[in-house]
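The sequence shown begins at 1 in full-length UniProt numbering and counts up one residue at a time. Virtual Cβ for every residue (Gly too), placed ideally from N, Cα, C. Accompanying notes for the structure given below.
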Amino acid sequence: MGFVPFVQTNVPQSLMAFACCNTLYGTTTHPLSKHRTCGGSSGGEAAILAAGGSLIGIGGDVGGSIRIPCHFTGMAGIKPCNPRFSHRGVPGCIPGRPLINANDGPMTTTIKSTVEFLRAAWSDTWTHEMDFYVPPVTFNEELFKEGKKYRIGYYVDDEWFTPVPAIQRAVLEAKEILEKAGHTLVPFKPRNIPHMFKLYIRALSVDGGYYLWSRLLNDVLDPTIKPMIYTNLIPIPIQRFAGFFLDFIYPRMANIAKSLTHSTIELRETYAEIEDYRSKFTVQMLDEKIDALLCPPQVMPSPEHHIPSRIIAAISYTGIFNLLDYGAGVVNVTKVTEEDDRRLDDYPESDPWYRMVKKTSKAIF
């Protein structure tokens with residue numbers, strides 16, 4: 001089976017956003033609404049898939065950049081663990097980031113197409129022969145077809161950022177489908193997500209945001225990423241000082257304000273803590289005999305274009321699997337309904353992030 005590249009799709013300026021806007025090619029919109037985003041960073045790929053212009057494409061994912069666009073547009077996508085595809089010659093948006101890697105993976109219109117892509121890509125060890133860092137592991141047809149019944153942990157809220165009712169309902173509907181297929185679903189509580197997210201942000205930026213803003217400040221900035229870039233310009237001691245006071249009113253925002261670092265000492269400590277978090281998370285799954293996890297892909301459906309850069313905290317559901325370096329995917333389950341919209345009346349409003357999510361998720365159906 002061969003592929004013919006025929007179009008180049010859009011990405012956000014910086015690649016560090018889950019919207020899809022830049023100053024060269026403009027804004028890529030959701031195929032069903034020009035006022036809402038198709039997601040990012042692999043947003044153009046998701047948009048062309050959802051619009052019927054393509055059947056399959058490749059995205060990159062450092063915090064949900066495959067999974068979030070697929071979630072917003074109803075497509076299927078998989079982020080494998082880091083070594084499964086070669087990264088030779090692809091430095092990523094921030095080079096020199098050893099523990100939070102950008103992983104390439106397929107984005108498709110159906111799960112079947114995703115499987116066919118991986119079956120073809122991993123049909124032999126050619127990639128390993130071209131890049132020795134890729135393990136010589138082929139598609140395991142026997143494991144894929146064995147029909148084993150799995151014990152799956154699930155959660156609808158990571159206790160860091162509560163998803164809107166439509167997202168929680170999608171997880172519970174998927175749970176019911178899996179149970180009817182014979183799998184065992186058990187509640188699962190992910191470990192200390194506020195701490196995980198602080199580690200994720202620190203390791204993602206590596207140098208406190210210097211690499212990113214030093215390359216963008218002399219460029220024309222797209223309005224949708226200005227909040228992120230200008231926040232990075234605030235000296236880290238001032239960010240942490242602000243975080244001290246935010247702790248009393250908006251503790252989640254304080255957690256982000258205290259995340260960045262320029263210190264190599266703190267960065268080494270962060271890497272050690274990530275390794276420890278990975279180990280304890282894996283032990284937790286082994287102790288609870290969990291084969292896989294089912295959880296939300298995001299806290300909301302497709303928002304308006306300006307929202308993503310203002311709510312980086314919303315990527316905790318995807319970012320955790322980049323920090324763990326676990327394979328992770330997203331599938332289409334349902335659509336937002338009028339009942340979901342009514343249930344938004346009871347959604348939290350305890351800080352500006354919750355209020356933004358509530359407002360942008362209203363009347364989306």
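- The three-state secondary structure of A203, taken from DSSP, is helix.
- Unbroken beta strand (DSSP E) stretches of 3 residues or longer found wholly inside the segment 306-346: 328-330, given in chain order.
- For I58, the enclosing beta strand (DSSP E) starts and ends at I56 to D61.
- The residue from E116, K358 and M107 with its alpha-carbon nearest to that of M300 is K358.
- A straight-line Cα-Cα distance of about 11 angstroms links D345 and E339.
- A121 is classed as buried because its beta carbon has at least 16 other beta carbons within 10 Å across all chains shown.
- Under the three-state reduction of DSSP output, Y155 falls in the coil class, being neither helix nor strand.
- With three or more CB-CB distances shorter than 8 angstroms, the segment 314-323 counts as touching the segment 196-212.
- For S350, the secondary structure class from DSSP, reduced to helix, strand or coil, is coil.
- With contacts defined as CB atoms closer than 8 angstroms, V206 and I94 qualify as a contacting pair.
- One Cα belongs to E45, the other to P136, and the distance between them is close to 28 angstroms.
- In the structure shown, the three-state DSSP call for G43 is helix.
- In the DSSP assignment, N103 is bridged to D61.
- Here DSSP, grouped into helix, strand and coil, assigns K362 to coil.
- Shown here, H30 sits in a strand according to DSSP, grouped into three states.
- In this structure the segment 247-264 lies against the segment 225-239, because at least three pairs of beta carbons, one per stretch, are closer than 8 angstroms.
- Taking 8 angstroms as the cut-off, the beta carbon of I78 is found closer than this to the beta carbon of G327.
- If you look at V186, you'll find it in the beta strand (DSSP E) that goes T184 to P187.
- Nearest to A76 by C-alpha distance, out of N103, V62 and T108, is T108.
- DSSP places A292 in the uninterrupted beta strand (DSSP E) bounded by A292 to L294.
- Annotation for I78: the continuous beta strand (DSSP E) segment containing it runs A76 to K79.
- Assignment of N22 by DSSP, reduced to helix, strand and coil, places it in the strand class.
- Listed in chain order, the alpha helix (DSSP H) elements of length 4 or more contained wholly in the segment 222-310 are 226-233, 236-246, 251-257 and 264-287.
- Pairing K175 with F245, the inter-Cα distance amounts to about 41 angstroms.
- Secondary structure at R191: coil, using DSSP grouped into helix, strand and coil.
- Boundaries of the alpha helix (DSSP H) around I167: P165 to K180.
- Judged by DSSP in its simplified three-state form, H128 adopts helix.
- Secondary structure of T108 (DSSP, three-state): strand.
- Judged by DSSP secondary structure, L217 falls outside any alpha helix (DSSP H); it is assigned neither H nor E.
- Counting the other Cβ atoms within 10 Å of the Cβ of D158 gives 16 or more, which makes it buried.
- The segment 140-156 makes no contact with the segment 88-107; the number of CB pairs closer than 8 angstroms stays below 3.
- Counting along the chain, the unbroken alpha helix (DSSP H) around T73 starts and ends at R67 to T73.
- Straight-line measurement puts the Cα of A363 at about 16 angstroms from the Cα of P163.
- In the same chain as G182, and ignoring 5 residues on each side of it, the C-beta atoms closer than 8 angstroms to its own belong to K149, in chain order.
- Contact annotation, F144 with L293: C-beta distance approximately 19 angstroms; criterion of less than 8 angstroms not satisfied.
- Counted as a single uninterrupted DSSP element, the alpha helix (DSSP H) harbouring E141 occupies residues E141 to K145.
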